[in-house]
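Protein sequence lines, in the order shown, are assigned to chains A and B.
Each residue of the first sequence is one higher than the last, beginning at 498 in the numbering used here.
Each residue of the second sequence is one higher than the last, beginning at 89 in the numbering used here.
Just so you know, even glycine gets a beta-carbon here, dropped at the ideal spot from N, CA and C.
On a predicted model such as this, the values are computed, not experimentally measured, just so you know.
Okay, so here's the structure we're looking at.
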Amino acid sequence: MKIEFLLGSSIVVVLICLLEWPRFQRAHKKEKATFLVLLGLGMALAAALIYKPDLPGPSQLVDYMFRPFARMLKL
Amino acid sequence: MIEKGKISALQMGIMMHPAIIATAILLVPAITAHHANQDMWISPIWASLTGFVTVYIAILLHNYYPQQTVIEYSEQIVGKFFGKIVGFIFLLFYLHTNGIIIREYGEFIVGNFFVRTPLIFVMGSMIFVCALAVRGGVEVIARLSEMIVPVVIIVIVFFIILLIPDMNITNMLPVMEKGIFPSIKGAIIPQSWFSEFFLIAFFLPYVADQENRKKWAIMSVVAVLFTLFLVNITVLFVLGNITARFVYPVMSAVRYVSIADFLEHLEAFVMAIWVAGAFLKISVFYYVFVLGTAQWLRLSDYRLLVFPSGFLLLVFAVWTAPNLMELSLFLGTTVPFYLDSVQTIIPSFLLLIAKWRNKMRDEQK
Numbered sequence: 498m499k500i501e502f503l504l505g506s507s508i509v510v511v512l513i514c515l516l517e518w519p520r521f522q523r524a525h526k527k528e529k530a531t532f533l534v535l536l537g538l539g540m541a542l543a544a545a546l547i548y549k550p551d552l553p554g555p556s557q558l559v560d561y562m563f564r565p566f567a568r569m570l571k572l
Numbered sequence: 089m090i091e092k093g094k095i096s097a098l099q100m101g102i103m104m105h106p107a108i109i110a111t112a113i114l115l116v117p118a119i120t121a122h123h124a125n126q127d128m129w130i131s132p133i134w135a136s137l138t139g140f141v142t143v144y145i146a147i148l149l150h151n152y153y154p155q156q157t158v159i160e161y162s163e164q165i166v167g168k169f170f171g172k173i174v175g176f177i178f179l180l181f182y183l184h185t186n187g188i189i190i191r192e193y194g195e196f197i198v199g200n201f202f203v204r205t206p207l208i209f210v211m212g213s214m215i216f217v218c219a220l221a222v223r224g225g226v227e228v229i230a231r232l233s234e235m236i237v238p239v240v241i242i243v244i245v246f247f248i249i250l251l252i253p254d255m256n257i258t259n260m261l262p263v264m265e266k267g268i269f270p271s272i273k274g275a276i277i278p279q280s281w282f283s284e285f286f287l288i289a290f291f292l293p294y295v296a297d298q299e300n301r302k303k304w305a306i307m308s309v310v311a312v313l314f315t316l317f318l319v320n321i322t323v324l325f326v327l328g329n330i331t332a333r334f335v336y337p338v339m340s341a342v343r344y345v346s347i348a349d350f351l352e353h354l355e356a357f358v359m360a361i362w363v364a365g366a367f368l369k370i371s372v373f374y375y376v377f378v379l380g381t382a383q384w385l386r387l388s389d390y391r392l393l394v395f396p397s398g399f400l401l402l403v404f405a406v407w408t409a410p411n412l413m414e415l416s417l418f419l420g421t422t423v424p425f426y427l428d429s430v431q432t433i434i435p436s437f438l439l440l441i442a443k444w445r446n447k448m449r450d451e452q453k
């Protein structure tokens, strides 16, 4: 099951690369780098989440930071 | 400037309407009802105060730096290093919030209609459509909203008219039974939705008729206030004090529609307008994230970033919450403070520093 999800996300990443290939060639160096970094970040996160679905994320951080306020107002 | 398109102030106002409403009528009425009970129709009125304050802050900031978005002028206000940090907070915030929005949309569709479709597929296909709109730029999103919003409003009004036979006005009595506080407490959640009006800080530089911008921004807040008020009061009249027990009260209210045993099961229309509204909301947030990233890194074009960001958004949508109940709890407890502190409190600090800076500069002259 896990390997299927991993395969699926890799296919999405490859499709994005293929779709954007003409524009990618024309782009400046900086844009190319941002494109690859964003895509790599997405793929890495996807892989991490497939193997560890309970990975603490931004929601947990927000929850931790604002919990006292919520408790104060008894929400 | 990266974005060469121009929109009118009216288009900006129309665009903001679904950008607030689309998810504010999904889970929020139930949370409002939980705190405010029969006073839930008063809550949007208090909530709109945040909307007016946020619009005012965004416009004042825009007056100091008319050609730039918040990502660019925060660097000028608090210096290069801290400006980058503020910009990064905004980007992460819009990425995460959009993840929450997409998840809300996906859970709604899967929970009510496409029970056997995988959540990932529902969210992914929506992100793909939004990506195509975002690639078109701000003009495309503005025109799409001009096309979709009137239909959404007409359908909402149509439903309210159809629900009139099922309404029971005594449901709102006694008004303010326990004083003013329950309605204020109920407003805590919707007021954070109003703080999303800070999105106009990303669109104001591209408004062509600058003299109308204040008028239409305020009008947009009033329109959102009015829509939320109508929706809440309708739900209250139809469902009464059991509103808080539903996950999607508006949806449940519309299921009551039954005219002459002929006009029934109109939920499909609700889904249609919500898909359209959510499409616009996700597109606006998506666009802001992509444009902001390009400005943050000083790129010359943002179009290449659209699809990679879409993939990242999908991952964030999966990441935000393990299931609908956790998501609902998250939205009901800590999210309002999160939305407010990023979209109202950080900008107000920026505004104070900008004011002080300009004063210092004038004195030096």
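Which residue wins for smallest C-alpha separation from residue i, given the options the options?
| i | options | result |
| --- | --- | --- |
| I133/B | T422/B, Y161/B, N320/B and V158/B | N320/B |
| L512/A | M540/A, L558/A, K571/A and F563/A | M540/A |
| V240/B | V312/B, E299/B, V376/B and F216/B | V312/B |
| V372/B | Y144/B, N186/B and I177/B | N186/B |
| C514/A | P396/B, Y294/B and I102/B | P396/B |
| F325/B | I113/B, H105/B, W129/B and A112/B | W129/B |
| I433/B | H105/B, T142/B and I108/B | T142/B |
| Y152/B | K453/B, L438/B and E451/B | L438/B |
| L503/A | L542/A, L570/A and R568/A | L542/A |
| L137/B | V310/B, M103/B and L207/B | V310/B |
| E91/B | T381/B, M211/B and A112/B | T381/B |
| L538/A | V510/A, Q522/A and L570/A | V510/A |
Mapping DSSP to helix, strand and coil, what is residue i?
| i | result |
| --- | --- |
| V295/B | strand |
| L558/A | helix |
| I268/B | coil |
| L385/B | coil |
| L351/B | strand |
| I90/B | coil |
| I113/B | coil |
| I95/B | strand |
| G225/B | coil |
| M128/B | coil |
| P238/B | helix |
| G139/B | helix |
| F314/B | helix |
| L578/A | In the structure as shown, chain A starts at 498 and stops at 572, and residue 578/A therefore has no counterpart that could be examined. |
| A524/A | coil |
| V335/B | coil |
| N259/B | helix |
Quick one: does residue i have its CB under 7 Å from some CB of chain B?
| i | result |
| --- | --- |
| L503/A | no |
| K527/A | yes |
| A545/A | no |
| L558/A | no |
| L535/A | yes |
| A541/A | no |
| P553/A | no |
| I513/A | yes |
| R523/A | no |
My understanding is that residue i touches residue j, with C-beta atoms under 8 Å, so please give their C-beta distance in whole angstroms.
| i | j | result |
| --- | --- | --- |
| L392/B | A524/A | 5 Å |
| A110/B | A366/B | 5 Å |
| I165/B | A442/B | 5 Å |
| F284/B | L379/B | Going by the sequence as given, residue 284/B is Glu instead of Phe. That belief does not hold up - the Cβ atoms of E284/B and L379/B are roughly 16 Å apart, past 8 Å. |
| F282/B | G139/B | 3 Å |
| V226/B | G398/B | Wrong, their Cβ atoms sit about 17 Å apart, outside the cutoff. |
| R204/B | L415/B | The Cβ separation is near 21 Å, so there is no contact. |
| V263/B | D349/B | Rounded, the Cβ-Cβ distance is 35 Å, inconsistent with contact. |
| S213/B | L368/B | Going by Cβ atoms, the distance from S213/B to L368/B rounds to 16 Å, so no, they are not a contact pair. |
Could you confirm whether any beta carbon from chain A is found closer than 7 Å to the beta carbon of residue i?
| i | result |
| --- | --- |
| H105/B | no |
| F373/B | no |
| W281/B | no |
| P270/B | no |
| P396/B | yes |
| H150/B | no |
| L114/B | no |
| W362/B | no |
The region 168 to 176 of chain B contacting the region 333 to 346 of chain B, beta-carbon criterion three pairs below 8 Å: No: fewer than three Cβ pairs fall under 8 Å.
Inter-stretch contact at 8 Å, needing at least 3 Cβ pairs: the region 421 to 437 of chain B / the region 112 to 131 of chain B: No, they do not touch.
Contact the region 257 to 274 of chain B vs the region 371 to 386 of chain B: 3+ CB pairs below 8 Å: With a cut-off of 8 Å, the region 371 to 386 of chain B and the region 257 to 274 of chain B do not count as touching, because too few Cβ pairs lie within range.
Interfacial residues, the region 307 to 339 of chain B to chain D, with Cβ spacing under 7 Å: Of the protein chains in this structure, namely A and B, none is chain D.
The region 347 to 365 of chain B in contact with the region 194 to 212 of chain B per 3-pair CB rule at 8 Å: Enough Cβ pairs lie closer than 8 Å, so yes.
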